[in-house]
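In our numbering, the protein residues as written are 5 to 139.
Cβ coordinates follow ideal geometry from the N, Cα and C atoms, glycine included.
See structure below.
Dropping the structure here:
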């Protein structure tokens, strides 16, 4: 997989993100940080990845186990007030739709915390190597 981030023309902070030539979207900074707030920030995408992964994991699990889950609503709230000291908090509200038993609801709640992005965010050691390319 290859992700390319390219500065958009102009003096702002808007950038185009391309993933494997199949998907593209944009990112920007909030106006308070000098951006135009024309697209989600990188932190927004980070937080959204968690919510999206939980939703997709739950739908897939329910389908495989024949659980009558008809939909999932997930709200992710961020508290990054302590990010400079190394603490970044996400609070996830999970709403399960469908005619579910309490046992099924409990099972799905448990499964939501086992989505790959949740595990990546909470237990993986991530190595990042940045190198300077020739212009």
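- The count of Cβ pairs closer than 8 Å, one atom from the region 81-94 and one from the region 102-112, stays below three, leaving the stretches out of contact.
- Less than 9 Å divides the Cβ of residue 9 from the Cβ of residue 20.
- Between residue 121 and residue 54, the C-beta spacing is below 9 Å.
- Rounded to whole angstroms, the separation of the alpha carbons of residue 109 and residue 68 is 15 Å.
- Straight across, the Cα-Cα distance linking residue 91 with residue 136 is about 29 Å.
- In this structure, DSSP gives residue 104 a state outside helix and strand, which the three-state scheme calls coil.
- From the listed residues 28, 33, 94, 29, the smallest Cα separation to residue 17 is found for 33.
- Where residue 51 is concerned, the enclosing alpha helix (DSSP H) starts and stops at 46-68.
- Residue nearest to residue 74 within the set 50, 99, 57 is 99 (criterion: CA-CA distance).
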